[in-house]
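A.B. asks:
In this note's numbering, the protein residues as written are 504 to 671.
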């Protein structure tokens with residue numbers, strides 16, 4: 504049985520969010536966790552296409568409803584479209600990891616793109632972040648220990664919340 508993964512949140516062009524950084528969670532990360540996250544994403548940059556494509560494919564396989572946003576692209580395994588979009592995602596996440604406290608500013612263009620032009624359901628950000636965690640665990644093995652997993656989960660939750668900020 505497949506769960507319904509929809510949100511009733513709609514983007515507002517006149518949204519003026521007053522959410523503090525603690526609402527998105529990146530103030531909850533310790534300095535050690537921030538360093539760990541940055542190191543992990545630095546390691547992912549050389550394999551961004553592969554990791555990103557695997558995350559997207561995992562999401563579309565596990566949550567088929569997410570394919571609707573990619574109907575115009577070739578989303579078969581190892582397709583150039585999947586690899587290209589996956590790389591963009593990994594590089595955006597890696598860029599934010601360099602200065603997590605500036606995430607809101609760094610992601611501002613992507614917030615607008617996803618909310619107003621692409622009109623992506625913000626629930627999909629959480630689904631993708633879950634698939635990213637699984638992919639990192641599969642590729643990093645013992646290096647993705649419980650401390651790294653917890654830190655990355657907090658970081659990706661903040662990342663998804665910031666991307667969804669324009670929907671408030």
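Even glycine gets a Cβ: it sits at the ideal position worked out from N, Cα and C.
1. Taking buried to mean at least 16 other C-beta atoms within 10 Å of its own C-beta, is residue 500 buried or exposed?
2. For residue 615, collect the residues of the same chain with a Cβ closer than 8 Å to its Cβ; drop the 5 residues on either side in sequence, then sort them by chain order.
3. I think residue 635 touches residue 532, with their Cβ atoms under 8 Å apart; what is that distance to the nearest whole Å?
4. Excluding sequence positions up to five away, which residues of its chain have a Cβ less than 8 Å from the Cβ of residue 597?
5. With the cut-off set at 7 Å, would you say residue 578 and residue 555 are in Cβ contact?
6. Pull up the distance between the alpha-carbon of residue 665 and that of residue 558, whole angstroms please.
7. Could you tell me the boundaries of the alpha helix (DSSP H) in which residue 569 lies?
8. May I have a chain-ordered list of the beta strand (DSSP E) segments no shorter than 3 residues that lie completely inside the stretch 568 to 619?
9. Just curious, the alpha helix (DSSP H) that residue 533 is in, first and last residue?
10. Taking Cβ to Cβ, would you say residue 562 is nearer than 7 Å to residue 571?
11. Under DSSP, the alpha helix (DSSP H) around residue 637 begins and ends at which residues?
12. According to DSSP, is residue 622 helix, strand or coil?
13. How long is the line joining the alpha carbons of residue 627 and residue 642, rounded to whole angstroms?
14. Residue 538: which of 667, 661, 651 and 659 sits nearest, CA to CA?
15. Are the CB atoms of residue 536 and residue 663 nearer to each other than 7 Å?
16. Is DSSP giving residue 667 helix, strand or coil here?
17. What's the gap between the Cα of residue 581 and the Cα of residue 660?
C.D. replies: Judging by the given coordinates:
1. Nothing about residue 500 can be read from this structure; the chain reaches only from 504 to 671.
2. For the purposes of this step, residue 615 is taken as the residue at position 112 of the chain shown. So the list reads 669, once near-sequence residues are dropped.
3. Mapped onto the chain shown, residue 635 falls at position 132. Mapped onto the chain shown, residue 532 falls at position 29. In this structure residue 635 does not touch residue 532 by the C-beta definition: roughly 16 Å separates them, more than the 8 Å allowed.
4. Sequence index remark: in the chain shown, residue 597 carries index 94 (1-based). Cβ within range, chain order: 544, 545, 547, 548 and 551.
5. Start at 1 with the first residue of the chain shown, and residue 578 comes out as number 75. Start at 1 with the first residue of the chain shown, and residue 555 comes out as number 52. No.
6. Taking the chain shown and counting its residues from 1, the one referred to as residue 665 is at position 162. Taking the chain shown and counting its residues from 1, the one referred to as residue 558 is at position 55. Cα to Cα, residue 665 sits roughly 19 Å from residue 558.
7. Translated into the one-based positions of the chain shown, residue 569 becomes position 66. Unbroken run through residue 569: none, as it is neither H nor E.
8. none
9. As a first step, residue 533 must be located in the chain shown, where it is residue number 30. Per DSSP, residue 533 belongs to no alpha helix (DSSP H) and is neither H nor E.
10. Here residue 562 is taken as the residue at index 59 of the chain shown, counted from 1. Here residue 571 is taken as the residue at index 68 of the chain shown, counted from 1. Cβ distance not < 7 Å, so residue 562 and residue 571 don't count as in contact.
11. Here residue 637 refers to the residue found at position 134 of the chain shown. From DSSP, the alpha helix (DSSP H) with residue 637 extends over 626 to 643.
12. On the chain shown, position 119 is the one that residue 622 refers to. Residue 622: coil per DSSP, three-state reduction.
13. Counting from one through the chain shown, the residue named residue 627 turns up at place 124. Counting from one through the chain shown, the residue named residue 642 turns up at place 139. Rounded to the nearest angstrom, the two C-alpha atoms are 22 Å apart.
14. Numbered from 1 along the chain shown, position 35 holds the residue referred to as residue 538. Selected option, being the one with the closest Cα: 651.
15. Position 33 of the chain shown, counting from 1, holds the residue named residue 536. Position 160 of the chain shown, counting from 1, holds the residue named residue 663. No; because the gap between Cβ atoms is not below 7 Å, this pair is not in contact.
16. As a working note, residue 667 is residue 164 in the chain shown. Three-state DSSP puts residue 667 in coil, outside helix and strand.
17. The residue you call residue 581 lines up with position 78 of the chain shown. The residue you call residue 660 lines up with position 157 of the chain shown. When rounded, the distance between both Cα atoms is 27 Å.
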